[in-house]
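Sequence lines, in order, name chains A and B.
Numbering follows my numbering, with no gaps: position 319 of the first sequence is 319.
To convert, take the position in the second sequence, counting from 1, and add 1000; that gives my numbering.
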Amino acid sequence: MREVNWVALIVFVLLFGFVTWLGFIAARWRRGDLDLLHEWGLGGRRFGTLITWFLVGGDLYTAYTFVAVPALAFGAGAIAFFAVPYTILVYPILFVVFPRLWYVSHKHGYITLADFVRGRFGNRWLALAVTITGIVATMPYIALQLVGLQVVIGALGIGGKGMMGDTPLIIAFLILAAFTYSSGLRAPAAIAIVKDTLIFVTVFAAIIVIPIELGGYSQIFAAVPTQKLLLAVPQGHTTGAYSNYATLALGSALALFLYPHSVTAILSASSGRAIRRNAALLPAYSLLLGLLALLGFMAIAAGVDKLPEYAGGFKQFKANFAVPALMLYAFPSWFAGVALAAIAIGALVPAAIMSIAAANLFTRNVYREFWRPDSTDQEESQMAKWVSLVVKAGALVFILAVPQQYAIQLQLLGGIWIIQTLPPVILGLYTRWLDPWALLIGWAAGIGLGTIIAVKYSFTSIWPVVLAGFSFPGYTALYTLLLNLLIAVALTPLFKTMKGHAKDETVPADYHA
Amino acid sequence: MGARRAGAPELRLRRVNACAFKPAGIATGGGEIRMTETVDLQHPRDWSWWYLLLLIPFVAVLWVPLYNSSEPHLDFGRQRPPASYPRLTTYTVQNETGPLKVGLPLFKPGANYRRWVEVWLDDKLLRPARDWTLSSPSGPLDTLPRPITDAEITFTSPRTGEVQIVADRPGIPFFYWYQLLWVLIGAALTALVYFMTERR
């Protein structure tokens, strides 16, 4: 492993200490009764446009994103850029669809998507399916944040193997767990301001300083092997890389705001208008993401993988080490400390929100729905705090005890699973026509087929569907969603003839300002 | 908008009454259409034709063949290439006009050579056509089979210093800058739709 970079480490520790302090004092920010779930888990729904911008940005653009997208560009080339059209498409969806969710949630006190599905379709089993999908899809996502943290700690030279090597990660976990428990969503909201500022500073420094050092952007792109620079043009009877790229972008965009942590962030906004404004403002992060992806090409041009001082890091973390190595290569130690701290803090914010979101889901839609329907608000809030600890501890154990590859594979499966909740959630925001039992069967079919396909194709995200001798390789999640929708639509008339509708507690006026 | 809001309660009452005459069977439980429901005309359906603008980014970025190309590339932050650059030919000239062999195969079609090669004299980027011209002893550039392997440059006036000829520098390929540009266009469209549809 590398030697300890003391200057970078000191800057890193100072910034990490600062956000730890911020996380704890955040409990007093816009003070509310943290014994109420909507105060602890949604910050009292009081965040305006600016704080929501920081919170959603801090939530969606995670440490793993900052590490993995450039790593994919470094290793696979142009396909990594699908993250850009993905985030271009996600905000029109946010703009049109999710203010409706905010309004109906605000009017009925919904805290989770499963709350909405329960209220809209009157079917606790469909709500349970949404709950389980949300929790199971979120767990590996939290684990991947810890992977991002691990890479950064390794870059500082304080990682390694065995118990001593894991100690920094455990300390970071304890800090995260403690401030989430005490401050709830206010902690990541406050820290997100620091995190996003640091990330913007780091990325803009990187896209100016590194090209100057490497001889300009032309020089950087000239260093990228030709086969990585563009998508391979399809040959013969296939849509090839084109349909891979387009379906990955569209499927990911449709799935993003179905993740519990995304919903937690947008439901904490003070109004539907704040969400609409953010749909126009959040693309600033998409630009950041596109520029971040270019860091993978900068790492190729700099040849950091061939430098002996980073050989240990690449051996341990593979392409994920590309960005930390580039930071250490291109910047003075103190700024490398800032950049690495930005990525590490970028792990804390989403991990905290994800654990809160999973806790909200369990507490509202399992504990209160099936176990203790008569629990008090205080008991509900206390249960959520404990569950948030359990979720984080589970993610930590997973990362320490299980090969990292499994977390990545589970996160891929999580994407396939979470998109299966689209029909009851997004279509449910517009129509009550679909029958909940038909939706449940469609959900099960989508989850089942998606899992089988993913396992069959060795956990790649692409399914090469062949129709009439023509191959349409594409994102498995999107294809299985089509099956899910088809089943839900086909079975709905059948169920409607068999029985009456369960009660819908919402009315059309609930979906507007 | 303000006048409409002031009159809203009356309108709302009328709509409710009108619906009450519909056959009860239409109001199937759980359906989106409920004839006994109050329809709030103060906030009508959140649909606007402006929303169609939000479909444009979907077409622009999901039709991948449209932009999976290097050209037109974007020259941004162009600097003199380092000596290790792979597609580079270097000469030292003393008050000469050339011709100097490019020494690298040229693949691009047509006769407009302005973007095919760069010519640097010491740290200065020379202007194509004005400071130098490109030609081939084999014939006109636009009719020669590709790649052109014997192209040469000629200065329009005598030059002294180190000359670097760079062929086919990629710049920022279209694939990348096009998508980054659509981030900005998408944000602008969303902002436009927000302002045009926001209730005042």
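The C-beta atom is built at its ideal place from N, Cα and C for all residues, glycine as well.
None of the values given here were measured: they were computed from a predicted structure.
Going by DSSP, which residues form a beta bridge with residue i?
i	result
residue 1090 of chain B	B:1164
residue 462 of chain A	A:475
residue 362 of chain A	Paired residues: none, contrary to the question.
residue 280 of chain A	DSSP lists no partner for residue 280 of chain A.
residue 238 of chain A	A:471
residue 1128 of chain B	B:1132
residue 1096 of chain B	B:1159
residue 1148 of chain B	B:1106
residue 221 of chain A	For residue 221 of chain A, which the question treats as bridged, DSSP gives no partner whatsoever.
residue 47 of chain A	A:269
residue 1101 of chain B	B:1152
Residues of chain B with CB under 9 Å from residue i, in chain order?
i	result
residue 95 of chain A	1051, 1054, 1190, 1193, 1194
residue 80 of chain A	Here the premise fails: no neighbours, minimum Cβ distance about 11 Å.
residue 84 of chain A	1061, 1176, 1179, 1180, 1182, 1183
residue 403 of chain A	Those do not exist, as residue 403 of chain A stays about 34 Å from chain B at its closest Cβ, beyond 9 Å.
residue 290 of chain A	1176, 1179, 1180, 1183
Determine the extent of the beta strand (DSSP E) in which residue i is found, giving its start and end residues.
i	result
residue 471 of chain A	470 to 475
residue 1117 of chain B	1117 to 1121
residue 1132 of chain B	1132 to 1135
residue 1155 of chain B	1152 to 1155
Can you name the residues of chain A whose CB is closer than 7 Å to the CB of residue i?
i	result
residue 1129 of chain B	Residues of chain A passing the Cβ test: none, with the nearest at roughly 21 Å.
residue 1082 of chain B	215
residue 1058 of chain B	89
residue 1064 of chain B	231, 242, 245, 246
residue 1187 of chain B	280, 283
Which chain A residues are close to residue i, counting only those with a beta carbon under 8 Å from its beta carbon?
i	result
residue 1171 of chain B	217, 218, 221
residue 1070 of chain B	229, 230
residue 1075 of chain B	218
Name the chain B residues whose beta carbon is nearer than 8 Å to that of residue i?
i	result
residue 262 of chain A	Correct list: empty, because the minimum Cβ distance to chain B is about 17 Å.
residue 429 of chain A	Within 8 Å Cβ-Cβ: nothing; residue 429 of chain A doesn't reach chain B, min ~11 Å.
residue 271 of chain A	Chain B residues near residue 271 of chain A: none, gap ~12 Å exceeds 8 Å.
residue 118 of chain A	The premise fails here: residue 118 of chain A is roughly 14 Å from chain B at the closest Cβ pair, so nothing lies under 8 Å.
residue 30 of chain A	The premise fails here: residue 30 of chain A is roughly 25 Å from chain B at the closest Cβ pair, so nothing lies under 8 Å.
residue 276 of chain A	1194, 1198
residue 350 of chain A	Those do not exist, as residue 350 of chain A stays about 21 Å from chain B at its closest Cβ, beyond 8 Å.
residue 464 of chain A	Result: empty, since nearest Cβ-Cβ is about 17 Å, beyond 8 Å.
Would you mind reading off the limits of the alpha helix (DSSP H) that contains residue i?
i	result
residue 22 of chain A	6 to 25
residue 1069 of chain B	Taken as a continuous stretch (DSSP letters only), residue 1069 of chain B belongs to no alpha helix (DSSP H), as it is neither H nor E.
residue 105 of chain A	83 to 108
residue 408 of chain A	404 to 418
residue 377 of chain A	377 to 401
residue 261 of chain A	260 to 267
residue 117 of chain A	113 to 121
residue 1197 of chain B	1174 to 1197
residue 993 of chain B	There is simply no residue 993 of chain B to check, as chain B begins at 1001 and stops at 1200 in what is shown.
residue 1143 of chain B	No alpha helix (DSSP H) holds residue 1143 of chain B; DSSP gives it neither H nor E.
residue 75 of chain A	63 to 76
residue 440 of chain A	436 to 456
residue 257 of chain A	Note, residue 257 of chain A: premise wrong, no alpha helix (DSSP H); not H, not E.
residue 226 of chain A	226 to 229
residue 514 of chain A	Chain A is shown from 1 up to 513; residue 514 of chain A falls before or after that span and cannot be answered.
Note down, in chain order, every chain B residue with its Cβ under 7 Å from the Cβ of residue i.
i	result
residue 250 of chain A	1062
residue 286 of chain A	1183
residue 168 of chain A	Ordered by position in chain B, no residue passes the 7 Å Cβ test against residue 168 of chain A, which lies about 35 Å from the chain.
residue 473 of chain A	The premise fails here: residue 473 of chain A is roughly 13 Å from chain B at the closest Cβ pair, so nothing lies under 7 Å.
The segment 346 to 357 of chain A touching the segment 258 to 270 of chain A, judged by at least three CB pairs closer than 8 Å: yes
Any 3 or more C-beta pairs closer than 8 Å across the segment 499 to 513 of chain A and the segment 92 to 105 of chain A: yes
The segment 489 to 508 of chain A contacting the segment 449 to 464 of chain A, beta-carbon criterion three pairs below 8 Å: no
At least three beta-carbon pairs within less than 8 Å, the segment 1181 to 1195 of chain B to the segment 285 to 299 of chain A: yes
Alpha helix (DSSP H) segments (min. 4 residues) lying fully within the segment 320 to 347 of chain A: 322 to 330
Any 3 or more C-beta pairs closer than 8 Å across the segment 33 to 44 of chain A and the segment 105 to 122 of chain A: yes
Meets three-Cβ-pair contact criterion under 8 Å: the segment 321 to 335 of chain A and the segment 150 to 158 of chain A: yes
The segment 213 to 222 of chain A in contact with the segment 384 to 401 of chain A per 3-pair CB rule at 8 Å: no
Validate contact between the segment 232 to 244 of chain A and the segment 471 to 481 of chain A using beta carbons, cut 8 Å, 3 pairs: yes
Whole runs of the alpha helix (DSSP H) within the segment 153 to 215 of chain A, excluding any shorter than 4 residues: 162 to 183, 186 to 214
The segment 1163 to 1181 of chain B / the segment 68 to 75 of chain A touching (three or more Cβ pairs under 8 Å): no
Touching by the beta-carbon criterion (3+ pairs, under 8 Å), the segment 172 to 192 of chain A and the segment 20 to 38 of chain A: yes
Three CB pairs or more closer than 8 Å across the segment 306 to 317 of chain A and the segment 120 to 135 of chain A: no
Cβ contact (3+ pairs, closer than 8 Å) linking the segment 361 to 375 of chain A and the segment 76 to 87 of chain A: no
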